[in-house]
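The structure appears below as structure tokens.
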Amino acid sequence: MRSLGTRRAALVAGAATVAALALGGCSAGQVAETAILDTPIAGVNAASESEAGKVLVRNLQVEYNGIEGYEANENAPLEVSLFNETNEAVTVTISSQPAANRPDVLTAKQVGFVSTATVTTPGEVASASAEPGASASPSASAEPASSVRPAQIKIGPQGSAVFRPTDAAQLQVVGLSGELKPGMTVNLVFEFSNNATPLVLQAPVASPLTPAPRGSAEIHEETEGGGH
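Under mature numbering (1 follows the signal peptide of the UniProt record, and there is no 0), read the sequence shown as residues -24 to -1, 1 to 204, first letter to last.
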């Protein structure tokens, strides 16, 4: 039969073990939560400063287009999220200007929302049954044409605006000044209607969601003296 002192010692040891396990579980939960909160975002992040508050720019990047990237004068879709933390509506205007002393940073002729519409143009198509010498009859042909609306984005108080390359009307940099490949950037200027200082940001090309495929390796076998 155990003495009273022995039983008290056992109870104290058991309580200490339970406390240690609980503390360890709590610490593990905090580490996991911190890892989630500190997960980095691929694009560029910034914030405007004004007396009224901040407008946040989050995850600014150019859509990945393969290792070849984009050709000069081509358009490239942008991805960006804007958060208005002020109590008044703010209009954000996005444009592109040359970066001072940064010849490696590209620019664009325009930044805007690009939508494609079908335009019907008159044409002449000869009938298959027409006799020699017969004149061609006029007909209409449909051709896709794109229109660009300037990137002027109005965001309500405490509101947000999110733009992705999958949108019907994509936010794009139009007319790149040169070839844009992974690892390069485009210079963009964000101006705010609440008199906040403009933000000059370099939008990087996004990283691919999956690694680029590797080239197939060729294995050459050499035989000596016709051996197998």
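Backbone N, C-alpha and C fix where the C-beta goes; we use that ideal spot for every residue, glycine too.
Contact check, I70 vs L164 under 8 Å by CB: the rounded distance?
Here residue 70 corresponds to residue number 94 of the sequence shown, with the count starting at 1. Here residue 164 corresponds to residue number 188 of the sequence shown, with the count starting at 1. Indeed, because the Cβ distance is near 6 Å, the residues count as touching under 8 Å.
Can you round the beta-carbon distance between residue 271 and G19 to whole angstroms, since I take them to be within the 8 Å contact cut?
Residue 271 is absent from the model: the chain starts at -24 and stops at 204.
Alpha carbon to alpha carbon, how far is A127 from P133?
The residue labelled residue 127 in the question sits at position 151 within the sequence shown. The residue labelled residue 133 in the question sits at position 157 within the sequence shown. C-alpha separation (whole angstroms): 19 Å.
Can you name, in chain order, every residue of its own chain whose Cβ lies under 7 Å from the Cβ of K130, other than the five neighbours on each side?
On the sequence shown, position 154 is the one that residue 130 refers to. Answer for K130: A65 and T67, listed in chain order.
Pick helix, strand or coil for S24, following the three-state DSSP scheme.
Numbered from 1 along the sequence shown, position 48 holds the residue referred to as residue 24. S24 falls in the coil class under three-state DSSP.
CA nearest to the CA of N63, picked from G154, F166 and G135:
Looking up residue 63 in the sequence shown gives position 87. Comparing Cα positions, the closest option is G135.
Using DSSP bridges, identify the partner residues of A137.
If you number the sequence shown from 1, residue 137 lands on position 161. DSSP, once it has assigned bridges, lists L58 as partnering A137.
Closest by C-alpha distance to V38, when choosing among A48, E27 and V162:
Taking the sequence shown and counting its residues from 1, one reaches residue 38 at position 62. Of the candidates A48, E27 and V162, the one whose C-alpha sits nearest the C-alpha of V38 is V162.
Let me check understanding here. Comparing Cα to Cα, which of S169, V124 and A182 lies closest to S26?
Stepping through the sequence shown from its first residue, residue 26 is reached at position 50. It is S169 whose Cα lies nearest to the Cα of S26.
Specify, as a first and last residue, the run of the beta strand (DSSP E) that residue 219 falls within.
Lying before the first or after the last residue shown, residue 219 is absent from the chain, which here runs from -24 to 204.
Since A182 and E55 are thought to touch, with beta carbons under 8 Å apart, how far apart are those beta carbons, to the nearest angstrom?
Mapped onto the sequence shown, residue 182 falls at position 206. Mapped onto the sequence shown, residue 55 falls at position 79. The pair is a contact, with the Cβ atoms about 7 Å apart (cut-off 8 Å).
Pull up the DSSP beta-bridge partners for S123, would you.
To locate residue 123, count along the sequence shown from 1; it is residue 147. For S123, which the question treats as bridged, DSSP gives the partners S91.
Less than 8 Å between the C-beta atoms of V150 and Q86, yes or no?
The residue given as residue 150 occupies position 174 in the sequence shown. The residue given as residue 86 occupies position 110 in the sequence shown. For the pair V150 and Q86, the CB atoms are nearer than the 8 Å cut-off.
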